[in-house]
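With my numbering applied, the sequence shown has no gaps in its numbers, which climb one by one up to 313 at the end. One structure is given here, and the rest of the page talks about it.
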Amino acid sequence: MARRGGDIVAVTGASGKLGASLALRLAAEGAQQRLIVRDLGRVPRLSTGVVLPDADVAVVDSYADGDAMRRALEGVRTLFLVSGREAKDRVDQHRSAVDAAVAAGVERVVYTSFVGAAPDAVFTLARDHWATEEHLRRSRLRCTFLRDNLYHHALTTFVQEDGVIRGPAGDGRVASVSHDDVADVATAVLLDEREGVHDGRIYELTGPEAITLTQAAATLAELTGRPIRYETQTEEEAYASRAGSDVERDVVQGWVTSYQAIAAGTFERVSGDVARLVGRPARSFADWLDDFPDQWSHLLS
């Protein structure tokens, strides 16, 4: 599965959950990598503390810094572009990163998009992903879009300090997916040497089942031994309960509309793309909780 000599895969967000997981997998396959991070102190390393073999590191503070991105991508053939942090100018940042890739001579981009990406998506942040996909298509780069569902880990962060998940999701269902399953898919796609087989493709990455937030809360309660439940809210209640958050209004809107998208059924479709691309079933929420206890240990405190 290793790439041809001289081919460099750049991984952005390499210090995050998804980027670091992918970098470790690519290293295991012998791929030559360029890890793009904000902070040198958070470069992914082996368990021995050694930086990954066949990897060099570039520091870029923001996708908005087009010159720094272009320098970081010089000599790169394939780019794994992790979507940026939630921000009002996120689409502009993504466009800057794509333009830098074009200027640096990158040939191919695999982009982490989102399920239901569309200009009128209920989940407002999915509109950012649609706009980024469109810019990538116009760039004429060879592109593949990994449209991820909500991450399993995200469901654990929905739990507030009092043990309640609150939001206007009703009885809607979500086919959440693990970061590791997405990383496995990305590895398979990035290292597939069959020319053009993934170009222009959209893969929907989900777990093997769709569950309600009531079910998610019950699973977490059983696992942690503490009372955790889901409480539905109206739209007005949802915004009011988040009014004190020290974030931009657009980010709060993204939080609220993520629940509304669940209620609308946007996240309930179960796809077989993970199983088809990596040759094994995707992890369910319950299985992921068993496999990665460190990812929900914050709920024990």
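We put the CB at the ideal spot given by N, CA and C, even for glycine.
Contacts around residue i, its chain only, beta-carbon distance under 6 Å, and the 5 residues preceding and following it disregarded
{"i": "Asp303", "result": "none"}
{"i": "Gln140", "result": "Strictly speaking, residue 140 in this sequence is Asp, with Gln absent from that position. Contacts found: Arg102 and Val103."}
{"i": "Ser151", "result": "Val110 and Val114"}
{"i": "Gln307", "result": "His165"}
{"i": "Thr283", "result": "According to the sequence shown, residue 283 is Ser rather than Thr. Taken in chain order, the residues that qualify are Glu216 and Thr218."}
{"i": "Ala229", "result": "Ile177, Ile240, Arg241 and Tyr242"}
{"i": "Trp142", "result": "Ala129, Ala130 and Pro131"}
{"i": "Ala11", "result": "Beyond the ends of the chain as shown, which are 13 and 313, falls residue 11; an answer cannot be given."}
{"i": "Met81", "result": "Val72, Ala109 and Ala112"}
{"i": "Val69", "result": "Leu47 and Val55"}
Sequence-distant residues of the same chain with beta carbon closer than 7 Å to residue i, five excluded per side
{"i": "Ala198", "result": "Leu34, Phe92, Val122 and Leu158"}
{"i": "Gly78", "result": "Ser108, Asp111 and Ala112"}
{"i": "Asp204", "result": "His210"}
{"i": "Gly87", "result": "Ile20"}
{"i": "Ala287", "result": "Pro293 and Ala294"}
{"i": "Ser257", "result": "Val264"}
Per-residue DSSP class, three states only, for residue i
{"i": "Asp285", "result": "helix"}
{"i": "Asp174", "result": "coil"}
{"i": "Asp160", "result": "strand"}
{"i": "Val103", "result": "helix"}
{"i": "Val134", "result": "coil"}
{"i": "Phe297", "result": "helix"}
{"i": "Gly28", "result": "coil"}
{"i": "Tyr251", "result": "helix"}
{"i": "Arg15", "result": "With a pLDDT of 42 at Arg15, under the threshold of 50, the modelled position of this residue cannot be trusted; read the value that follows with caution. Coil."}
{"i": "Ile240", "result": "coil"}
{"i": "Arg46", "result": "strand"}
{"i": "Ser33", "result": "helix"}
{"i": "Glu216", "result": "strand"}
{"i": "Gly182", "result": "coil"}
{"i": "Thr144", "result": "helix"}
{"i": "Asp211", "result": "coil"}
{"i": "Tyr271", "result": "helix"}
{"i": "Thr226", "result": "helix"}
Whether residue i touches residue j by CB criterion (8 Å)
{"i": "Val49", "j": "Val71", "result": "yes"}
{"i": "Ser188", "j": "Leu162", "result": "yes"}
{"i": "Leu36", "j": "Pro56", "result": "yes"}
{"i": "Gly266", "j": "Glu145", "result": "no"}
{"i": "Leu47", "j": "Ala67", "result": "yes"}
{"i": "Thr169", "j": "Val94", "result": "no"}
{"i": "Leu289", "j": "Thr236", "result": "no"}
{"i": "Leu217", "j": "Tyr242", "result": "no"}
{"i": "Gln44", "j": "Asp73", "result": "no"}
{"i": "Thr231", "j": "Phe126", "result": "no"}
{"i": "Lys100", "j": "Asp262", "result": "yes"}
{"i": "Ile240", "j": "Val171", "result": "yes"}
Residues of its chain near residue i, where Cβ-Cβ distance is below 8 Å and the 5 sequence neighbours each way are ignored
{"i": "Pro180", "result": "Thr244, Gln245, Thr246, Glu247, Glu249, Ala250, Val268, Tyr271, Gln272 and Ala275"}
{"i": "Leu153", "result": "Val110, Ala113, Val114, Val118, Glu119, Arg120 and Val121"}
{"i": "Thr90", "result": "Asp19, Ile20, Val21, Ala22, Val118, Glu119, Arg120, Val121, Val122 and Leu202"}
{"i": "Gly128", "result": "Val134, Phe135, Ala138, Arg159, Ala273, Thr278 and Phe279"}
{"i": "Arg54", "result": "Ser27"}
{"i": "Arg254", "result": "Val264, Trp267 and Val268"}
{"i": "Gly208", "result": "Arg154"}
{"i": "Arg281", "result": "Val127, Ala187, Glu216, Thr218 and Ala222"}
Residue nearest to residue i in terms of C-alpha spacing, selected from the options
{"i": "Leu64", "options": "Ile240, Ala143 and Ala40", "result": "Ala40"}
{"i": "Cys155", "options": "Val290, Val118 and Met81", "result": "Val118"}
{"i": "His147", "options": "Asp111, Gln172 and Asp160", "result": "Asp111"}
{"i": "Ala116", "options": "Leu232, Ala84 and Gly256", "result": "Ala84"}
{"i": "Asp285", "options": "Ala233, Gly256, Gly266 and Tyr215", "result": "Tyr215"}
{"i": "Asp193", "options": "Leu311, Ala255 and Asp299", "result": "Asp299"}
{"i": "Ala166", "options": "Thr24, Gly25, Asp19 and Leu301", "result": "Leu301"}
{"i": "Ala260", "options": "Leu235, Leu312, Thr226 and Leu137", "result": "Before going on, a small fix: residue 260 reads as Glu here, not Ala. Ranking Leu235, Leu312, Thr226 and Leu137 by Cα distance to Glu260 puts Leu137 first."}
{"i": "Gly31", "options": "Gly184, Ala195 and Ala67", "result": "Ala195"}
{"i": "Gly96", "options": "Thr90, Arg89 and Gln105", "result": "Gln105"}
{"i": "Gly182", "options": "Gly277, Val171 and Arg281", "result": "Gly277"}
{"i": "Arg292", "options": "Pro305, Tyr75, Ala200 and Ala80", "result": "Ala200"}
{"i": "Ser309", "options": "Ala233, Ala76, Gly256 and Arg281", "result": "Ala233"}
{"i": "Gly184", "options": "Ala26, Trp142, Gln227 and Arg295", "result": "Gln227"}
{"i": "Gly212", "options": "Met81, Arg281 and Arg149", "result": "Arg149"}
{"i": "Ser313", "options": "Ala255, Arg238 and Arg254", "result": "Arg238"}
Original post:
Does the count of Cβ pairs from the segment 167-178 and the segment 124-135 closer than 8 Å reach three?
Top reply: no
Original post:
Are the segment 245-265 and the segment 217-225 in contact at 8 Å, needing three or more beta carbon pairs?
Top reply: no
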